[in-house]
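Down below is the structure, laid out as structure tokens.
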Amino acid sequence: MKNNLPQFKFPKARTFSWVIPVIILVGLVAIWEIWVRLGDVPRWQLPAPSAILREIVMSWSLLLQHAYITLQEIIIGFFLSLVLGLVLAAVIISSKILERAILPILVSSQTIPIIAIAPLLLIWVGYGLTSKIIIVILISFYPIAVNTIDGLKAINADMIAMMRSLGASNWQIFSKLQVPTSLPYMFSGIKVGISISVIGAVIGEWVGAIGGLGYLIKYSQPLFLTARVFAAIFVLSVMGIGLFALVGWVERLMLPWYYKEKQAKSINQ
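Position 259 (the sequence shown) corresponds to 262 in my numbering; numbering is contiguous.
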């Protein structure tokens with residue numbers, strides 16, 4: 004006799020991984036809203052989430068105008084930092100002498116505060132996009148280069164020996180073995196780089212600019228337009244999350260085998 008009663012199915016773990024963070028976020032926003040309203044906090048000091056949402060709707064065209072400028076700086080600067088990071092990684096991995104010469108310079112470049120260089124860039128190249136693009140490059144190329152170097156080095160010595168025994172050249176070993184192995188490492192660096200590139204663009208605009216979300220934040224603060232400041236920060240956050248998700252999507256398209264291995268390992272554990 005068949006049982007026609009509907010059977011309850013437990014939601015998948017992936018569903019819980021999305022639901023729980025959303026619940027936590029909604030709860031925090033609700034606490035923020037209630038605390039501001041019940042505590043009678045001045046709007047210029049800390050606006051409620053509802054006031055920020057209202058500001059986003061009212062100033063959407065202004066936010067979109069400045070977001071376009073910031074996005075330009077991020078995309079151009081990150082593309083150039085990606086090229087620079089990959090080229091540096093390939094050069095460093097090609098020779099022990101070049102590694103000893105370039106790697107210390109690469110590391111020491113990250114000890115210089117970007118905020119100290121930004122005013123000098125304004126003197127050298129002006130207030131346009133160029134200074135912001137340079138700051139994005141300086142702040143985001145490093146994780147790409149370092150992670151790619153680690154990936155290019157993460158090669159099984161036995162695999163190299165086997166390819167050499169089959170008559171493979173150095174270029175064939177590099178292109179057929181090292182590059183595919185380094186791709187997960189490279190994408191890890193790209194994810195970090197695309198996230199902090201947003202910070203780099205804002206730093207450049209904060210120091211000196213004629214447009215962009217960083218400029219809008221700096222301009223709005225002295226006028227006590229705190230809701231607009233939070234609105235610009237929200238747009239920056241959405242921009243950063245969107246760019247990070249885009250890189251993750253490209254990674255899944257380019258490395259399907261890598262994600263299949265990760266899923267198989269998670270099932271076996």
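C-beta atoms are modelled at their ideal positions from N, C-alpha and C, and glycine is treated no differently.
In this text the structure is predicted, and so the values were computed from the model without any measurement.
{"query": "I need the straight-line Cα distance from Gly196 to Glu264, nearest angstrom please.", "result": "25 Å"}
{"query": "Looking at the structure shown, is Gly30 part of a helix, part of a strand, or coil, going by DSSP?", "result": "helix"}
{"query": "Quick one: is Pro225 buried, meaning 16 or more other Cβ sit within 10 Å of its Cβ, or exposed?", "result": "exposed"}
{"query": "Assuming the contact rule is C-beta atoms closer than 8 Å, Thr151 and Gly217 should be a hit. Round their C-beta distance to whole Å, please.", "result": "Not confirmed; about 29 Å, so no contact."}
{"query": "Where does Ser98 sit, in a helix, a strand or coil, going by DSSP?", "result": "coil"}
{"query": "Since I believe Gly207 is in contact with Ile138 (beta carbons under 8 Å), could you give me their beta-carbon distance rounded to a whole number of angstroms?", "result": "4 Å"}
{"query": "Please state whether the Cβ-Cβ distance between Pro122 and Val238 is less than 8 Å.", "result": "no"}
{"query": "Would the beta-carbon of Ile142 fall within 8 Å of that of Ile202?", "result": "yes"}
{"query": "Given a threshold of 16 other Cβ atoms within 10 Å of its Cβ, counted over all protein chains shown, does Ala157 qualify as buried or as exposed?", "result": "exposed"}
{"query": "Quick one: using the 10 Å Cβ neighbour count with 16 as the cut-off for buried, is Gln175 buried or exposed?", "result": "exposed"}
{"query": "Hey, Gly88 and Phe177: beta-carbon distance below 8 Å or not?", "result": "no"}
{"query": "Counting only the same chain and skipping the five closest in sequence on each side, list residues whose C-beta sits under 7 Å from that of Ala92.", "result": "Ala148, Thr151, Ile152 and Leu155"}
{"query": "Buried or exposed for Phe13, please, with buried defined as at least 16 other CB atoms from any protein chain shown within 10 angstroms of its CB.", "result": "Interpretation of Phe13 is limited by its pLDDT of 47, a score under 50 that renders its predicted location unreliable; the figure taken from the coordinates is listed afterwards. Answer is exposed; the Cβ neighbour count stays below 16."}
{"query": "Is the region 47–64 touching the region 227–244, taking contact as three or more C-beta pairs under 8 Å?", "result": "yes"}
{"query": "Count the other CB atoms, across all protein chains shown, that sit within 10 Å of the CB of Gly80; report buried if there are 16 or more and exposed otherwise.", "result": "buried"}
{"query": "Measuring from the CB of Ser178, is there a heavy atom of the ligand GDP at a distance below 7 Å?", "result": "Among the components of this structure there are no ligands whatsoever, and the ligand GDP is therefore not found."}
{"query": "If we count the other Cβ atoms within 10 Å of its Cβ and call it buried at 16 or more, is Leu66 buried or exposed?", "result": "buried"}
{"query": "The alpha helix (DSSP H) spanning Pro146 covers which residue range?", "result": "Leu132 to Lys156"}
{"query": "What does the alpha-carbon distance come out to for the pair Gly42 and Ile27?", "result": "22 Å"}
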